[in-house]
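**Student:** Heads up: the sequence shown at position 151 corresponds to 294 in our numbering, and the numbers run straight through without jumps. Have a look at this one before I ask anything.
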Amino acid sequence: MDSFVLVGDAREVSTLTTSFSSNASLRGFLHGLPGVDKVGADARAAMLGTRSIKTTAKRQAIDLAISMVDLTTLEGADTPGKVRAMCAKAMHPDPTNPDVPRVAAVCVYPDLVAEAVQAVKGSGVKVASVATAFPSGRSSLEVKVTDTALAVAAGADEVDMVIDRGAFLAGDYLKVFEEIVAIKAACGDAHLKVILETGELATYDNVRRASWLAMLAGGDFIKTSTGKVQPAATLPVTLIMLEAVRDFLATHGRKVGVKPAGGIRTTKDAIKMLVLVNETTGDGWLDPDWFRLGASSVLNDLLMQRQKQDTGRYSGPDYFTLD
Numbered sequence: 144m145d146s147f148v149l150v151g152d153a154r155e156v157s158t159l160t161t162s163f164s165s166n167a168s169l170r171g172f173l174h175g176l177p178g179v180d181k182v183g184a185d186a187r188a189a190m191l192g193t194r195s196i197k198t199t200a201k202r203q204a205i206d207l208a209i210s211m212v213d214l215t216t217l218e219g220a221d222t223p224g225k226v227r228a229m230c231a232k233a234m235h236p237d238p239t240n241p242d243v244p245r246v247a248a249v250c251v252y253p254d255l256v257a258e259a260v261q262a263v264k265g266s267g268v269k270v271a272s273v274a275t276a277f278p279s280g281r282s283s284l285e286v287k288v289t290d291t292a293l294a295v296a297a298g299a300d301e302v303d304m305v306i307d308r309g310a311f312l313a314g315d316y317l318k319v320f321e322e323i324v325a326i327k328a329a330c331g332d333a334h335l336k337v338i339l340e341t342g343e344l345a346t347y348d349n350v351r352r353a354s355w356l357a358m359l360a361g362g363d364f365i366k367t368s369t370g371k372v373q374p375a376a377t378l379p380v381t382l383i384m385l386e387a388v389r390d391f392l393a394t395h396g397r398k399v400g401v402k403p404a405g406g407i408r409t410t411k412d413a414i415k416m417l418v419l420v421n422e423t424t425g426d427g428w429l430d431p432d433w434f435r436l437g438a439s440s441v442l443n444d445l446l447m448q449r450q451k452q453d454t455g456r457y458s459g460p461d462y463f464t465l466d
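Structure representation (structure tokens):
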């Protein structure tokens, strides 16, 4: 346990049940978690952010980061053609170089899932869909479950749900817990990523509580943000979430993934995230199955940096498609 972030030992919670019959019992659990030392978390994240990776290791890190990207389009103006173009880029990020790895997944709205499924068929690229009244989360549970079921029926491999931050901030933890449980059930075999929208949670303690709440309710991944709210995937917030999944594995025996999303724009940003993973959870999470980058805009910079590794010069952004 890293004493610079947590006060106390999270292993003390290992005997507690993950089934809660009342809001009071869930509140007691979440507020009984060790608190986050904000100064320590900020300092630790800043220190890890200064790590430098060079030469061969940098090339490996770039390829790993590319393979972890969830390439995303979540705009009201999305069209089937735009989705097909994005899927083509996901499968072949640099059409001139077949050695460039494919990305992990494409992420679209539920009504475009079938289009994406057809476009990436046989490629190994997964199809994710946002659901549950994304990005606000302000809708009835019935609507959220239906939204999820429709995405899964259309072929989504993964569902990115957003929690009801209003309920969480009001202390109605049981409502949030039960919604995640219901959405997880509606997912069937699809993996569930639970978006916390950390920029609206106000405190690091709330980020830690929301992370544990999402994992206790059955989330397969915890995700920082929708990308619609700032701040989004900061290094300290990602550090806190990585510590949460590490401790959850130690206390509950289940491994959960992490997805920082929003604000990751450069290769340096992406590599800082990989360093954070390696130093916090270990290389067992350095895999697209357990760590993703919700950062469509970073892909072109990764491709430019990769090409520089090969040729010694930047090709420039005009050589790659805009997303």
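Where is the CB? At the ideal position from N, CA and C, for every residue including glycine. Keep in mind it's a predicted model, so treat the numbers as computed, not measured.
For the beta strand (DSSP E) containing Leu214, list its first residue and its last residue.
**Tutor:** The sequence position of residue 214 within the sequence shown is 71, counting from 1. Per DSSP, Leu214 belongs to the beta strand (DSSP E) from Asp213 to Thr215.
**Student:** If you count every other CB in all the chains shown that lies within 10 Å of the CB of Thr198, and 16 or more means buried, which is it?
**Tutor:** Locating residue 198 in the sequence shown gives position 55, counting from the first residue. Looking at its Cβ environment, which holds fewer than 16 other Cβ atoms inside 10 Å, Thr198 is exposed.
**Student:** Note down the Cα distance separating Leu446 from Gly314, rounded to an integer number of angstroms.
**Tutor:** Start at 1 with the first residue of the sequence shown, and residue 446 comes out as number 303. Start at 1 with the first residue of the sequence shown, and residue 314 comes out as number 171. Distance between the alpha carbons of Leu446 and Gly314 is about 44 Å.
**Student:** Would you mind reading off the limits of the beta strand (DSSP E) that contains Gly400?
**Tutor:** Counting from one through the sequence shown, the residue named residue 400 turns up at place 257. Gly400 to Lys402 is the extent of the beta strand (DSSP E) around Gly400.
**Student:** Taking a contact to mean a Cβ-Cβ separation below 8 Å, would you say Val246 touches Ile205 in this structure?
**Tutor:** By one-based count along the sequence shown, residue 246 stands at place 103. By one-based count along the sequence shown, residue 205 stands at place 62. In this structure, Ile205 does not lie closer than 8 Å to Val246 by Cβ.
**Student:** Can you tell me whether Val243 is buried or exposed, with buried defined as 16 or more other CB within 10 angstroms of its CB?
**Tutor:** For the purposes of this step, residue 243 is identified with residue 100 of the sequence shown, where counting begins at 1. Classification for Val243: buried.
**Student:** Once DSSP output is grouped into helix, strand and coil, what is the label at Ser354?
**Tutor:** Taking the first residue of the sequence shown as 1, we reach residue 354 at position 211. Ser354: helix per DSSP, three-state reduction.
**Student:** Going by beta carbon distance, what residues of the same chain come within less than 7 Å of Val399, once the five residues before and after it are set aside?
**Tutor:** The residue you call residue 399 lines up with position 256 of the sequence shown. Counting only Cβ-Cβ distances below 7 Å, and skipping sequence neighbours, we find Met358, Gly362, Asp363, Phe364, Ile365, Val388 and Phe391.
**Student:** For the candidate residues Val350, Tyr252, Ala438 and Pro238, whose alpha-carbon lies nearest to that of Leu385?
**Tutor:** Translated into the one-based positions of the sequence shown, residue 385 becomes position 242. If we check each option's Cα against that of Leu385, Val350 comes out closest.
**Student:** Would you mind giving the Cβ-Cβ distance between Ala333 and Val295, rounded to the nearest angstrom? I have them listed as a contact below 8 Å.
**Tutor:** Position 190 of the sequence shown, counting from 1, holds the residue named residue 333. Position 152 of the sequence shown, counting from 1, holds the residue named residue 295. About 5 Å separates the two Cβ atoms, so the contact holds.
**Student:** In whole angstroms, give me the CA-to-CA distance for Glu258 and Lys336.
**Tutor:** Along the sequence shown, one-based indexing puts residue 258 at 115. Along the sequence shown, one-based indexing puts residue 336 at 193. The straight-line gap from Cα to Cα measures roughly 21 Å.
**Student:** Along the alpha helix (DSSP H) that carries Glu340, what are the first and last residues, could you check?
**Tutor:** As a working note, residue 340 is residue 197 in the sequence shown. Counting along the chain, Glu340 falls outside any alpha helix (DSSP H), and DSSP gives it neither H nor E.
**Student:** Under the assumption that Thr369 contacts Phe311 (Cβ atoms under 8 Å), give the Cβ distance between them as a whole number of angstroms.
**Tutor:** Within the sequence shown, numbered from 1, the residue matching residue 369 stands at position 226. Within the sequence shown, numbered from 1, the residue matching residue 311 stands at position 168. Not quite, the Cβ-Cβ distance comes to about 15 Å (not below 8 Å), so this is no contact.
**Student:** With DSSP run on the structure shown, which of helix, strand or coil describes Gly451?
**Tutor:** In the sequence shown, counting from the first residue as 1, residue 451 sits at position 308. Reading the sequence as shown, one finds Lys at residue 451 and not Gly. Three-state result, Lys451: helix.
**Student:** Have a look at the DSSP bridge pairing and note the partners of Ile196.
**Tutor:** For this step, residue 196 is matched to residue 53 along the sequence shown. Answer is none; Ile196 lacks a bridge partner.
**Student:** Is any non-hydrogen atom of the ligand GDP found closer than 7 Å to the C-beta of Leu392, if you look at the structure I gave you?
**Tutor:** As presented, the structure is devoid of all ligands, the ligand GDP included, so that no description of it is given.
**Student:** Do the segment 320–330 and the segment 338–352 make contact, defined as three or more Cβ pairs closer than 8 Å?
**Tutor:** No, the segment 320–330 is not in contact with the segment 338–352.
**Student:** Quick one: measure Cβ to Cβ for Gln450 and Thr410, integer angstroms, because I've assumed they're closer than 8 Å.
**Tutor:** To locate residue 450, count along the sequence shown from 1; it is residue 307. To locate residue 410, count along the sequence shown from 1; it is residue 267. Incorrect: roughly 11 Å between the Cβ atoms, too far for contact.
**Student:** Measuring only the C-alpha atoms, how far is Gln452 from Ser195?
**Tutor:** On the sequence shown, residue 452 is found 309 positions in, with the first residue counted as 1. On the sequence shown, residue 195 is found 52 positions in, with the first residue counted as 1. Taking the straight line joining both Cα atoms gives about 16 Å.
**Student:** If you run the structure through DSSP and keep just helix, strand and coil, what is Phe163?
**Tutor:** Within the sequence shown, the letter at position 20 stands for residue 163. Three-state DSSP puts Phe163 in coil, outside helix and strand.
**Student:** Quick one: measure Cβ to Cβ for Val256 and Ala299, integer angstroms, because I've assumed they're closer than 8 Å.
**Tutor:** The residue labelled residue 256 in the question sits at position 113 within the sequence shown. The residue labelled residue 299 in the question sits at position 156 within the sequence shown. The Cβ separation is near 5 Å, so the contact holds.
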